[in-house]
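Colleague:
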Amino acid sequence: MMYINAPREAPPFTAGQPLYETRPHVVQAGNITPGISALEYYERRLRLMANFPARSVAVVAGNQVKYASGSVFYQFQQNTDLFYLTGWNEPDSVALLEKINEQDVVLHMLVPPKDTFAEQWEGYRTGVENVQELFNADESASIHELPAYMRHVVERNDYVYFDHVGEPRKATPASAFRGMFGNKAQGLAGADTMHRILAEMPVTKTHRALKPHIENMRAVKSDAEVAVMRAAGRISGRAYNQAYAQRFKTERVLNSFLQHRFIAGGCEKAAYIPVVAGGPNALCIHYTINNDVLRTDEMVLVDAGGALGGYCADISRTWPNAGKFSEPQAELYQAVLSVQKQCIAMCTTRENVSLNQLHAASMRLMSRELLRLAGFEDLTERSTQELYPHSIGHNLGLDLHDIPGFGGSTKLQKNQVITIEPGVYIPDDDRFPARFRGIGIRIEDDIAVGEDTYTNLTVEAAKEIVDIESIAENGVTTPYEDEVVDAFS
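Residue 116 in UniProt numbering sits at position 116 of the sequence shown; the count goes up by one each step and never skips.
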């Protein structure tokens with residue numbers, strides 16, 4: 001294990017998020033966020049604005065801190081579109097992308113200014129001056145200057161691209177900006193201010209939707225994005241193997257173990273609220289209370305993953321609490337695993353399939369696999385849909401269910417990252433074999449689509465029966481550090 005014993009040197013400045021200058025163990029030189037370079041963020045902005053005519057401005061508002069109750073706040077989560085275009089991960093901020101002409105795009109960033117009192121209570125801020133130096137903003141100003149600043153930029157352009165959070169794929173009237181900031185909006189960055197600014201826009205301005213253009217970009221990951229997601233998948237997958245090797249008595253302790261291992265392994269946090277469902281709790285697809293006991297004669301279904309650099313890993317595994325599959329558990333598990341492996345093999349551009357087509361194929365495969373098992377001889381298509389009620393997968397990236405407006409009928413593209421997660425959930429119902437009732441199984445991996453092959457970003461998480469049972473009996477054979485400082489080392 002590595003310990004850092006050298007005297008702490010004062011950083012050249014303080015910032016509201018990890019940067020190479022302040023946290024070199026988190027962000028590498030030349031990058032703005034883990035694994036993603038300043039150049040890539042710049043090129044993303046150019047690619048976006050290339051879709052628009054000259055004299056256009058795109059408005060992207062960041063999120064605010066959300067409050068659970070009173071002054072108790074949730075962990076901040078940035079608007080992922082703003083994060084995708086800038087890497088900026090601080091609240092109460094607005095980015096304006098202005099296309100002056102066919103060659104020139106100007107990034108304006110309006111952010112919270114440095115404030116000694118606020119920073120003492122709420123944490124460091126990067127500030128107005130540093131956002132130009134560190135995030136390559138061409139112009140910057142305090143968020144408190146938003147009304148006059150934004151009005152000035154909008155007035156000199158002909159086209160304004162923005163979205164209402166409630167209808168992201170539809171251009172809406174200026175009043176839609178009332179929903180852009182939450183109930184905790186304060187001062188000049190609040191909802192009323194945004195509404196007033198847009199409401200005062202000249203009627204000659206053309207309003208257009210922004211979200212579809214960003215989603216089309218986010219659908220296909222860069223090689224750097226895939227590498228970050230591969231790191232998140234590797235860390236998360238190893239955590240599952242470490243869980244196989246232990247015997248947990250409760251869902252909550254297994255839950256806490258996995259979240260600890262995601263973070264200790266190098267991720268920033270859990271990517272989402274995990275599902276840790278023992279026995280019949282696995283029949284609830286989004287079971288998240290995670291507070292039951294785990295019985296040795298039952299299985300546990302876990303849907304969990306870590307996040308790194310803002311990018312999500314999303315893994316589901318199901319295994320026996322006793323460490324060894326019973327005959328019914330093994331039969332049903334092998335049926336789901338067979339469907340998953342066949343669907344993963346189709347994740348290439350050569351196969352020329354869409355997510356919708358993949359799902360239809362998975363339904364046919366699931367029916368075929370279940371019909372091979374004793375007791376399912378009378379299975380109908382409707383019964384299969386009842387036992388397997390969700391989709392085969394979804395897009396994955398900065399959001400767990402990434403780019404929701406991107407069509408499921410679109411053919412898979414190279415470097416599109418999707419989940420493949422067939423599942424089967426057998427209720428306590430006389431229509432189904434008694435030996436399978438109360439068992440829920442889901443097996444999920446994150447797949448980067450290739451031309452002739454694919455990359456399984458979560459391959460470390462064992463899923464073959466022989467491998468799971470071996471780890472349960474013998475432990476994890478690959479050594480791992482108790483605490484990883486650099487996730488990319």
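Backbone N, C-alpha and C fix where the C-beta goes; we use that ideal spot for every residue, glycine too.
With the cut-off set at 8 Å, would you say residue 395 and residue 403 are in Cβ contact?
Modeller: Start at 1 with the first residue of the sequence shown, and residue 395 comes out as number 395. Start at 1 with the first residue of the sequence shown, and residue 403 comes out as number 403. Result yes, Cβ atoms of residue 395 and residue 403 sit closer than 8 Å.
Colleague: Identify the continuous beta strand (DSSP E) that holds residue 88 and give its terminal residues.
Modeller: In the sequence shown, residue 88 corresponds to position 88, counting from 1. First-last for residue 88: undefined, no H or E at that position.
Colleague: Could you name each continuous beta strand (DSSP E) segment of 3 residues or more that falls completely within the region 451–481, going from the start of the chain to the end?
Modeller: With a minimum length of 3 residues, the continuous beta strand (DSSP E) runs that stay inside the region 451–481 are 454–456.
Colleague: Distance check for residue 281 and residue 269, CA to CA, integer angstroms please.
Modeller: Within the sequence shown, numbered from 1, the residue matching residue 269 stands at position 269. Within the sequence shown, numbered from 1, the residue matching residue 281 stands at position 281. Between residue 269 and residue 281, the C-alpha separation is close to 25 Å.
Colleague: With the cut-off set at 8 Å, would you say residue 242 and residue 261 are in Cβ contact?
Modeller: Within the sequence shown, residue 242 is the residue found at index 242, counting from 1. Within the sequence shown, residue 261 is the residue found at index 261, counting from 1. The answer is yes: Cβ separation under 8 Å.
Colleague: For residue 31, which residues does DSSP report across the bridge?
Modeller: For the purposes of this step, residue 31 is taken as residue 31 along the sequence shown, with counting starting at 1. Answer is 37.
Colleague: Does the region 360–378 touch the region 426–433, meaning 3 or more C-beta pairs lie closer than 8 Å?
Modeller: Flag = yes, the region 426–433 and the region 360–378 touch.
Colleague: Mind checking residue 249: buried by the 16 CB within 10 Å criterion, or exposed?
Modeller: For this step, residue 249 is matched to residue 249 along the sequence shown. Residue 249 should be labelled exposed.
Colleague: Is the CB-CB distance between residue 229 and residue 148 below 8 Å?
Modeller: Residue numbering aside, residue 229 sits at position 229 when the sequence shown is read from its first letter. Residue numbering aside, residue 148 sits at position 148 when the sequence shown is read from its first letter. Not in contact: residue 229 and residue 148 (Cβ atoms no closer than 8 Å).
Colleague: At which residue ranges does the region 318–384 contain complete alpha helix (DSSP H) runs of 4 or more residues, listed in the order of the chain?
Modeller: Listed in chain order, they are 327–344, 355–371.
Colleague: From what residue to what residue does the alpha helix (DSSP H) around residue 149 run?
Modeller: Sequence index remark: in the sequence shown, residue 149 carries index 149 (1-based). 146–155 is the extent of the alpha helix (DSSP H) around residue 149.
Colleague: So the alpha helix (DSSP H) residue 208 belongs to, where does it begin and stop?
Modeller: Reading the sequence shown from its first residue, position 208 is the one you call residue 208. Residue 208 -> not in any alpha helix (DSSP H); beta strand (DSSP E) instead, spanning 206–208.
Colleague: Do you know how far the Cα of residue 429 is from the Cα of residue 110?
Modeller: As a position in the sequence shown, residue 110 is number 110, starting the count at 1. As a position in the sequence shown, residue 429 is number 429, starting the count at 1. Cα to Cα, residue 110 sits roughly 58 Å from residue 429.
Colleague: With a 10 Å radius around its C-beta and 16 neighbouring C-beta atoms as the bar for buried, classify residue 274 as buried or exposed.
Modeller: If you number the sequence shown from 1, residue 274 lands on position 274. Classification of residue 274: buried, given that the 10 Å Cβ count is 16 or more.
Colleague: At what residues does the beta strand (DSSP E) containing residue 56 begin and finish?
Modeller: The sequence position of residue 56 within the sequence shown is 56, counting from 1. Start and end: 56–61.
Colleague: Identify, in the order they occur along the chain, each residue of the same chain with its Cβ nearer than 6 Å to the Cβ of residue 187, setting aside the five sequence neighbours on each side.
Modeller: Translated into positions along the sequence shown, residue 187 becomes position 187. Confidence in residue 187 is poor, its pLDDT being 44 and thus under 50, which makes the residue's placement too unreliable to answer from.
Colleague: Rounded to the nearest angstrom, how far is the Cβ of residue 58 from that of residue 97, given a contact under 8 Å?
Modeller: Here residue 58 refers to the residue found at position 58 of the sequence shown. Here residue 97 refers to the residue found at position 97 of the sequence shown. Sure, about 4 Å apart at Cβ, within 8 Å.
Colleague: With a cut-off of 8 Å on the beta carbons, I'd call residue 163 and residue 55 a contact; round off their distance for me.
Modeller: Looking up residue 163 in the sequence shown gives position 163. Looking up residue 55 in the sequence shown gives position 55. In fact, because the Cβ distance is near 20 Å, the residues do not count as touching under 8 Å.
Colleague: If you follow the alpha helix (DSSP H) that residue 261 is part of, which residue opens it and which one closes it?
Modeller: For this step, residue 261 is matched to residue 261 along the sequence shown. Residues 251–264.
Colleague: Excluding five sequence neighbours on each side, which residues of the same chain lie with their C-beta closer than 8 Å to the C-beta of residue 384?
Modeller: Stepping through the sequence shown from its first residue, residue 384 is reached at position 384. Correct list, in chain order: 363, 366, 367, 370.
Colleague: Quick one: Cα of residue 339 to Cα of residue 438, how far?
Modeller: Position 339 of the sequence shown holds residue 339. Position 438 of the sequence shown holds residue 438. Using only the alpha carbons, I get a separation of about 20 Å.
Colleague: What's the C-alpha gap between residue 393 and residue 295?
Modeller: In the sequence shown, residue 393 corresponds to position 393, counting from 1. In the sequence shown, residue 295 corresponds to position 295, counting from 1. Approximately 29 Å, taken between the alpha carbons.
Colleague: Note down the Cα distance separating residue 447 from residue 67, rounded to an integer number of angstroms.
Modeller: Within the sequence shown, residue 447 is the residue found at index 447, counting from 1. Within the sequence shown, residue 67 is the residue found at index 67, counting from 1. Going by the C-alpha atoms only, they are around 35 Å apart.
Colleague: Note the first and the last residue of the continuous beta strand (DSSP E) segment covering residue 161.
Modeller: Reading the sequence shown from its first residue, position 161 is the one you call residue 161. Per DSSP, residue 161 belongs to the beta strand (DSSP E) from 159–161.
Colleague: So residue 105 and residue 46 are supposed to be a Cβ contact under 8 Å. How far apart are they, rounded?
Modeller: For this step, residue 105 is matched to residue 105 along the sequence shown. For this step, residue 46 is matched to residue 46 along the sequence shown. 6 Å between Cβ atoms; contact.
Colleague: Identify whether residue 424 lies in helix, strand or coil by the three-state DSSP scheme.
Modeller: Here residue 424 refers to the residue found at position 424 of the sequence shown. The answer is strand: DSSP assigns residue 424 an E or B state.
Colleague: Is it right to say residue 276 is buried, meaning 16 or more other beta carbons lie within 10 angstroms of its own, or is it exposed?
Modeller: The residue labelled residue 276 in the question sits at position 276 within the sequence shown. By the neighbour-count rule (16 or more Cβ atoms within 10 Å), residue 276 is buried.
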